[in-house]
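Protein chains: 2
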Amino acid sequence: MTIADSVLLTDLYQLTMLQTYHAERMNETAVFELFVRRLPPERNFLLAAGLEQALDYLENLCFTAEEQDWLASTGRFSADFVAALADFRFTGAVQALPEGTAFFANEPILRVIAPLPQAQLVESRLINLLHYQTLIASKAARCVLAAAGKLLVDFGLRRAHGAEAGLLAARASYLTGFAGTATVLAGMQFGIPIFGTMAHSLIQAHDREEDAFERFAAAQPGNVTLLLDTYDTEAAAYKLVQLAPRLRERGIAIKGVRIDSGDLAEHARQVRRILDAGGLTHVTLLGSGDLDEHRIRALLAAEAPLDGFGVGTRLDASTDAPTLDMVYKLQEYAGQPRRKRSEGKATWPGRKQVYRRVAADGTLAGDCLGLEHYPQPGQPLLRPVMTQGRRLQPPEPLSVIRDRVRAQLAALPAALRTDETAPPYPVDIASELRELTTQLDQKPH
Amino acid sequence: MTIADSVLLTDLYQLTMLQTYHAERMNETAVFELFVRRLPPERNFLLAAGLEQALDYLENLCFTAEEQDWLASTGRFSADFVAALADFRFTGAVQALPEGTAFFANEPILRVIAPLPQAQLVESRLINLLHYQTLIASKAARCVLAAAGKLLVDFGLRRAHGAEAGLLAARASYLTGFAGTATVLAGMQFGIPIFGTMAHSLIQAHDREEDAFERFAAAQPGNVTLLLDTYDTEAAAYKLVQLAPRLRERGIAIKGVRIDSGDLAEHARQVRRILDAGGLTHVTLLGSGDLDEHRIRALLAAEAPLDGFGVGTRLDASTDAPTLDMVYKLQEYAGQPRRKRSEGKATWPGRKQVYRRVAADGTLAGDCLGLEHYPQPGQPLLRPVMTQGRRLQPPEPLSVIRDRVRAQLAALPAALRTDETAPPYPVDIASELRELTTQLDQKPH
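Keeping their order, the protein sequence lines are chains A and B.
FYI, numbering that gives the first Met the number 0 numbers position 192 of the first sequence as 191, with every residue one higher than the one before it.
FYI, numbering that gives the first Met the number 0 numbers position 396 of the second sequence as 395, with every residue one higher than the one before it.
Okay, structure coming up:
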């Protein structure tokens, strides 16, 4: 049983509530919806991601004997309740936005319909899984829009928040349009293309920088990208020009170079000039070092001759907006719509659907948040993905999701595609939903 | 093989460099040091954390046959190199700051001394592990200082970045002085006290709020904390006063209430007044909802009668400073000190030690970053923790680390203990280290 698989990766209150539901035989159907209450000011849209991992989690949910024993040992739970957990499985239905779909505040991206205890217990981990990949896909999308077709690679594992974040950031950025990742395990686990160059330590471990270049090149003749900025970036470029003929004689071509510090635009111009003058016009330039969408845009605006970018820390931790206000709320129980009315945190009740209108030219023209049973104009976005606890389809290939993201980004209104905070994309609330809300607010509790 | 354990949770360039080292038989001793280049403006000090997980990683590092096969299948590596990986183990030595030690910019918190390939490969995951727990412990310390002895509980799992972050945030905040966590698995895995109340969904699933309170209380009579803000916080407090005598007759005492929205100070005052007037003076008040050290200080300054705080998203994602500029750099190879000179990223070379001076009253009085073999006044902080790939001591109990943190926080200069950005704590560079650096800069590369 690994950390990520354990049913105990949940909040204690889920289990205390389950004990209440167990004692009260509250087992009727509950409907929970997962959505983001507000977009951060730094995000004009979000991209749904993480659904496959969420469905894996639901399909495999169970309590091991060891977990039951431990729960019993805490003295917090009745023997009867702990014993009943042996049969706990997720048997519900799920509707969701396909991964890679753009969405906005208050729009459900996932709905769970299941007996109350099942739908309740999964809250913590469902948010945990969908929050992170959605966060990273949404950040990566801004980089993709900024990079205007240049190569992007995820370099963020080391400062991602733990193992799972490092691995899933590779997935979320790749499905958004990154060319790949430096994280090797993401290659093995998801078939994502992996990219790598060299670190400063390899240069430092040699007494002479040119020896490091030559030996590294000889050890992987098919894939030589050299790092230039360990001591003096331009001096290193000259060394490379000197070295290239000798490598060519040995059948080794230099594919690219990486610059990781200083004024990247200026260094890129100097290095390009030195390499071109030395006949190395085919050698590509990769920039890295605290990059994000703003710096990428600035580098391209300055006409820095960079062919690609490694984006690390600011991607994998989404540093400008490191969390989303994502929640999972009960909207219906035992056939009755339900509404939380907490100050500043009130929800729209009932089973809802997102209806998206598209203009003749393909541009998104506004959404309507309505009730599932009162269709509105536009395309309904939530689709069935699980029934009776089993997936309806095999996992979508990442290539399909990448195509969807490409289409979604192209369809966004222009103002939403920039780095600037745009006026919010229009999301209307259907009149039937407003009426239901008013009705519920008149009920005593 | 789980995600967290896989040796392939590393950057591709580590493996391409290893292939070079393999081809060149570069197997001499390398010394790498892990440190933070700059403190974020929001942090006056950092607390080292994550060492136990880092040592676990080093002790268990190996390539499985499946991983070797996959590496071979990429076509990037020679058969000879891949075959040699079967025997790869970490056999080096490690020195480190004990967990919970305060530290500052440029001070190594961990040093690895091992054959170059071993010391190189572990870079990505060592940073990944030490970065996250150090990040969270350092954030949690600010909450602990702000809360002035009130109860603090980690509520952040759902918006932590993935499974491992959720679990390790519980550990990092507990070792810093939090009373515990809502994350159940942290209880099972680390023996950390777990705390839980109820969610709004339990209230919403009942038609009447008072029924929800009564049934929840009856289902866990020893541990009743009720959530008041689903509809109307003060109305819920009055319901509680009405309900209490009936519960008392059944032998059930209400332990506490939680308020999760609105003006927490004002609601807390109203609720305290209602509960006290109703004879419920013993019932404690827990506040939650987007809390951090600033809001906790403000609530206490406003004399909000809150007895404790649940801190979630802003803790587990360290939202005001979601990453640290933590790096792992080669400082010596084959007996020769090494130095990276990249612009803005130059390092202090050689094997270093942190010497800490303490004033007569116990307050930290300034550090000196010096060479290990040129002792300076003060206490050396880096201690041996691993040799020949094995731990020197069993893992420290968390209670020992908690005691250390308590002493460290008490010993910090007063200006560093506030929420404001203080002038940097003094860290001198020893003259011998400056001289070594100058010497190395005169060497050609």
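Cβ atoms here follow ideal geometry from the backbone N, Cα and C, with glycine treated the same way.
All figures in this text were calculated on a predicted structure; none of them were measured in a lab.
_Identity of the residue in A:20, A:4, A:412, A:422 nearest residue 212 of chain B by Cα_ = Here residue 212 of chain B is taken as the residue at index 213 of the second sequence, counted from 1. When each option's Cα is compared against that of residue 212 of chain B, the closest is A:20.
*Per DSSP, which residues does residue 383 of chain B bridge with? Please list them.*
As a working mapping, residue 383 of chain B is identified with position 384 in the second sequence. Per DSSP, B:94.
_Is the separation between the beta-carbon of residue 50 of chain A and that of residue 35 of chain A shorter than 8 Å?_
Translated into the one-based positions of the first sequence, residue 50 of chain A becomes position 51. Translated into the one-based positions of the first sequence, residue 35 of chain A becomes position 36. No, these two residues do not count as a Cβ contact at 8 Å.
_Looking at the secondary structure, which residues open and close the alpha helix (DSSP H) in which residue 143 of chain B lies?_
Taking the first residue of the second sequence as 1, we reach residue 143 of chain B at position 144. Where residue 143 of chain B is concerned, the enclosing alpha helix (DSSP H) stretches over 122-146.
*Do we get a CB-CB distance below 8 Å when we pair residue 203 of chain A with the residues of chain B?*
Locating residue 203 of chain A in the first sequence gives position 204, where the first residue counts as 1. Output row for residue 203 of chain A: interface = yes.
_Against chain A, with Cβ distances strictly below 8 Å, would residue 190 of chain B count as a contact?_
Residue numbering aside, residue 190 of chain B sits at position 191 when the second sequence is read from its first letter. No, its Cβ sits nowhere closer than 8 Å to a Cβ of chain A.
_Using beta carbons (cut-off 8 Å, strictly below), is residue 277 of chain A in contact with chain B?_
Stepping through the first sequence from its first residue, residue 277 of chain A is reached at position 278. Output row for residue 277 of chain A: interface = no.
*Under a CB-based cut-off of 8 Å, is residue 161 of chain A close to chain B?*
Translated into the one-based positions of the first sequence, residue 161 of chain A becomes position 162. Cβ-Cβ to chain B under 8 Å: yes for residue 161 of chain A.
_Beta-carbon within less than 7 Å of residue 385 of chain B's beta-carbon, same chain only, minus the 5 sequence neighbours each way: which residues are those?_
If you number the second sequence from 1, residue 385 of chain B lands on position 386. Excluding sequence neighbours, residue 385 of chain B sits near 54, 57, 92, 93, 391.
*asked:* Give me the residue from A:89, A:66, A:207 with the minimum Cα distance to residue 81 of chain A.
replied: For the purposes of this step, residue 81 of chain A is taken as the residue at position 82 of the first sequence. Of A:89, A:66, A:207, the residue nearest in Cα terms is A:66.
_Going by DSSP in three states, residue 9 of chain B sits in which element: helix, strand or coil?_
Here the question's residue 9 of chain B lines up with position 10 in the second sequence. Three-state result, residue 9 of chain B: coil.
_Selected residue, minimal CA-CA separation from residue 22 of chain B, among A:325, A:407, A:218_ = Stepping through the second sequence from its first residue, residue 22 of chain B is reached at position 23. With distances taken between Cα atoms, residue 22 of chain B lies closest to A:218.
*asked:* For a test of the three-state rule: what should DSSP assign to residue 257 of chain A, helix, strand or coil?
replied: The residue given as residue 257 of chain A occupies position 258 in the first sequence. Note: residue 257 of chain A maps to strand in three-state DSSP.
*First through last residue of the alpha helix (DSSP H) which encompasses residue 238 of chain B*: For this step, residue 238 of chain B is matched to residue 239 along the second sequence. First-last of the alpha helix (DSSP H) with residue 238 of chain B: 232-248.
*For the beta strand (DSSP E) that contains residue 153 of chain A, what are its first and last residues?*
Along the first sequence, one-based indexing puts residue 153 of chain A at 154. 150-153 is the extent of the beta strand (DSSP E) around residue 153 of chain A.
*So which residues of chain A does residue 215 of chain B contact, with C-beta pairs closer than 8 Å?*
Walking along the second sequence from the start, residue 215 of chain B turns up at place 216. Simply 15, 16, 19.
*Could one say the Cβ of residue 339 of chain B lies closer than 8 Å to chain A's Cβ atoms, at least one of them?*
Walking along the second sequence from the start, residue 339 of chain B turns up at place 340. Yes, because at least one Cβ of chain A sits closer than 8 Å to the Cβ of residue 339 of chain B.
_If the criterion is Cβ atoms closer than 8 Å, does the pair residue 298 of chain A and residue 264 of chain A meet it?_
Locating residue 298 of chain A in the first sequence gives position 299, where the first residue counts as 1. Locating residue 264 of chain A in the first sequence gives position 265, where the first residue counts as 1. In this structure, residue 264 of chain A lies closer than 8 Å to residue 298 of chain A by Cβ.
*In this structure, does DSSP put residue 0 of chain B in helix, strand or coil?*
The residue labelled residue 0 of chain B in the question sits at position 1 within the second sequence. In this prediction, residue 0 of chain B scores a pLDDT of 46, lower than 50, which makes its location untrustworthy; the coordinate-derived value is nonetheless stated afterwards. Looking at residue 0 of chain B - three-state DSSP - the assignment turns out to be coil, as it is neither helix nor strand.
*asked:* Strictly under 8 Å for the Cβ-Cβ distance: is residue 222 of chain B near chain A by that measure?
replied: As a working mapping, residue 222 of chain B is identified with position 223 in the second sequence. With 8 Å as the cut-off, residue 222 of chain B counts as an interface residue toward chain A.
_Cut-off 6 Å between Cβ atoms - residues of its own chain near residue 109 of chain B, not counting five sequence neighbours on either side_ = Locating residue 109 of chain B in the second sequence gives position 110, where the first residue counts as 1. For residue 109 of chain B, where only same-chain residues beyond five positions count, the Cβ hits under 6 Å are 33, 95.
*asked:* By the 7 Å beta-carbon criterion, what residues does the stretch 298-321 of chain B contribute toward chain A?
replied: 312, 316, 318, 321
*asked:* Using a Cβ-Cβ cutoff of 7 Å, what residues of the stretch 121-152 of chain A are near chain B? List them in chain order.
replied: 123, 126, 127, 130, 131
_Inter-residue spacing [alpha-carbon to alpha-carbon] between residue 102 of chain B and residue 131 of chain B_ = Numbered from 1 along the second sequence, position 103 holds the residue referred to as residue 102 of chain B. Numbered from 1 along the second sequence, position 132 holds the residue referred to as residue 131 of chain B. Cα to Cα, residue 102 of chain B sits roughly 15 Å from residue 131 of chain B.
*asked:* Using a Cβ-Cβ cutoff of 9 Å, what residues of the stretch 74-89 of chain A are near chain B? List them in chain order.
replied: 74, 75, 76, 77, 80
*Under 7 Å between beta-carbons, which chain A residues line up against residue 444 of chain B? List them in chain order, please.*
Within the second sequence, the letter at position 445 stands for residue 444 of chain B. Residues of chain A passing the Cβ test: 207, 208, 230.
*Considering only residues of the same chain and omitting the five flanking positions on each side of residue 117 of chain A, which have a CB-CB separation below 6 Å?*
Here the question's residue 117 of chain A lines up with position 118 in the first sequence. Excluding sequence neighbours, residue 117 of chain A sits near 89, 91.
_Limits of the unbroken alpha helix (DSSP H) element including residue 173 of chain B_ = Residue 173 of chain B sits at position 174 when you count from the first residue of the second sequence. Here the alpha helix (DSSP H) through residue 173 of chain B covers 162-175.
*Name, in chain order, the residues that DSSP records as bridge partners for residue 325 of chain A.*
For the purposes of this step, residue 325 of chain A is taken as the residue at position 326 of the first sequence. A:35, per the DSSP bridge assignment.
_Chain-ordered neighbours of residue 193 of chain A on chain B, where CB pairs are closer than 8 Å_ = Walking along the first sequence from the start, residue 193 of chain A turns up at place 194. Near residue 193 of chain A (Cβ distances below 8 Å), the residues of chain B are 11, 73.
_4 or more residues per run - each alpha helix (DSSP H) lying fully within the stretch 353-438 of chain B_ = 397-410
_Here's the rule I'm using: 16 or more other beta-carbon atoms within 10 Å means buried, otherwise exposed. How should residue 185 of chain A be labelled?_
Reading the first sequence from its first residue, position 186 is the one you call residue 185 of chain A. Buried, because 16 or more other Cβ atoms sit within 10 Å of the Cβ of residue 185 of chain A.
*residue 351 of chain B bridges to which residues according to DSSP?*
To locate residue 351 of chain B, count along the second sequence from 1; it is residue 352. The partner list for residue 351 of chain B (beta bridge, DSSP) reads B:370.
*Counting contacts by CB-CB distance shorter than 8 Å, is residue 157 of chain B in contact with chain A?*
Here residue 157 of chain B is taken as the residue at index 158 of the second sequence, counted from 1. For residue 157 of chain B, the answer is yes, since a Cβ of chain A falls inside 8 Å of its Cβ.
*Use the C-beta contact count for residue 444 of chain A: other C-beta atoms within 10 angstroms, 16 or more gives buried, fewer gives exposed.*
Looking up residue 444 of chain A in the first sequence gives position 445. Result: buried.
*Can you name, in chain order, every residue of its own chain whose Cβ lies under 6 Å from the Cβ of residue 246 of chain B, other than the five neighbours on each side?*
As a first step, residue 246 of chain B must be located in the second sequence, where it is residue number 247. Taken in chain order, the residues that qualify are 216.
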